[in-house]
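Visitor: What follows is a structure written as structure tokens; I'll ask about it next.
Protein chains: 2
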Amino acid sequence: MPEPVSKELVAASSKPLVLAILARGESYGYAILQEVRELSGGRLDWTEGMLYPVLHRLEAQKLIQARWATSEGGRRRKYYRLSHQGSRALESERSDWEAVDATLKAVWG
Amino acid sequence: MPEPVSKELVAASSKPLVLAILARGESYGYAILQEVRELSGGRLDWTEGMLYPVLHRLEAQKLIQARWATSEGGRRRKYYRLSHQGSRALESERSDWEAVDATLKAVWG
DNA sequence: ATTCTATACCTAGCGCCGCTATGTGTCAAC
DNA sequence: GTTGACACATAGCGGCGCTAGGTATAGAAT
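Those protein sequences? They're chains Y and G, same order as listed.
Taking our numbering, the leading residue of the first sequence gets 1, the next gets one more, and so forth.
Taking our numbering, the leading residue of the second sequence gets 110, the next gets one more, and so forth.
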């Protein structure tokens, strides 16, 4: 069942999904990949090559902030958390998504 | 209120929306632009420079078929209709959209 | 007559962004 | 000591919306 979702949909959902996940609390790249896979029931299976640039971009836009930390296991991880701007951006993204979703559902009947 | 929706969302929704509109019956470019604007309550305001390439692409993918006709007013219009493949593609797009929508709503709580 | 508006189609060039492929390094298990 | 999971990163490619422009007709307004 893991039929991949179209590239455009991945592009459209990556920003709101990452922001929404970080709104639930700090996380890091590798964990976000797993969270997305679990939350979607395997329907969304992002690649690392797609996610890391997204995180860097969101950081450059000041929507998220990063800090390096080392886990008990001794692994280096880059933890991200939502900024104030990020919270506002999340609401905006959500509003946009719902507008498009409502339109699609209106046509689907 | 016509705050524009992000470029990525436009990209993600253009294919399913056009297919869904044509599933309701034949239409043409200029009319589709208006239908999208009305169906979205003005939230979606596509440009011609975005829609026509979409139509050409969908036609190249054999998801829609075109025919030229002249209206009573004497205007040349290119009418598009959904192909069998287009119907299938629409269902696939819809399934994808709903998978992402469900994921987003799961995170939004 | 002429100008304006709405209608109706089209495309070139730009920039953004996911994807593929690849690279680096650590830790735990076998 | 090799494999697999973990964890981060980037270069090059292709796809696609956007901007900005172009062409053309019909009807209304001036």
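Idealized CB from N, CA, C, for every residue including glycine.
None of the values given here were measured: they were computed from a predicted structure.
Which residues does DSSP list as the beta-bridge partners of G:LEU191?
Guide: Within the second sequence, numbered from 1, the residue matching residue 191 of chain G stands at position 82. According to DSSP, which records beta bridges pairwise, G:LEU191 is partnered with G:ILE173.
Visitor: Beta carbon of Y:ALA12, beta carbon of G:ALA120: below 8 Å?
Guide: Within the first sequence, residue 12 of chain Y is the residue found at index 12, counting from 1. Within the second sequence, residue 120 of chain G is the residue found at index 11, counting from 1. Contact flag set, yes.
Visitor: Between G:SER180 and Y:ALA60, what straight-line distance do the alpha-carbon atoms span, to the nearest angstrom?
Guide: The residue labelled residue 180 of chain G in the question sits at position 71 within the second sequence. The residue labelled residue 60 of chain Y in the question sits at position 60 within the first sequence. Those two C-alpha atoms are separated by around 51 Å.
Visitor: Express the C-alpha separation of G:TYR188 and G:GLU135 in angstroms, rounding to a whole number.
Guide: Within the second sequence, numbered from 1, the residue matching residue 135 of chain G stands at position 26. Within the second sequence, numbered from 1, the residue matching residue 188 of chain G stands at position 79. In a straight line, the C-alpha of G:GLU135 is about 6 Å away from that of G:TYR188.
Visitor: How is G:THR156 classed by DSSP in three states: helix, strand or coil?
Guide: Along the second sequence, one-based indexing puts residue 156 of chain G at 47. Coil, per DSSP.
Visitor: Name the chain Y residues whose beta carbon is nearer than 8 Å to that of G:PRO125?
Guide: Position 16 of the second sequence holds residue 125 of chain G. By Cβ distance, chain Y contributes LEU104.
Visitor: Can you tell me whether G:ALA215 is buried or exposed? The criterion is at least 16 other CB atoms within 10 Å of its CB, across all chains shown.
Guide: Here residue 215 of chain G is taken as the residue at index 106 of the second sequence, counted from 1. Exposed, by the Cβ-count rule.
Visitor: Would the region 159–175 of chain G count as touching the region 195–214 of chain G if we require 3 or more Cβ pairs under 8 Å?
Guide: Result yes; three or more Cβ-Cβ pairs closer than 8 Å.
Visitor: For the alpha helix (DSSP H) that Y:SER40 lies in, which residues bound it at each end?
Guide: Locating residue 40 of chain Y in the first sequence gives position 40, where the first residue counts as 1. That residue, Y:SER40, is in no alpha helix (DSSP H); it is neither H nor E in DSSP.
Visitor: Can you name the start and end residues of the alpha helix (DSSP H) that G:SER122 belongs to?
Guide: Working through the second sequence from its first residue, we reach residue 122 of chain G at position 13. Taken as a continuous stretch (DSSP letters only), the alpha helix (DSSP H) holding G:SER122 covers 116–132.
Visitor: Please classify Y:PRO53 as buried or exposed, where buried requires at least 16 neighbouring CB atoms within 10 angstroms.
Guide: Residue numbering aside, residue 53 of chain Y sits at position 53 when the first sequence is read from its first letter. Y:PRO53 should be labelled exposed.
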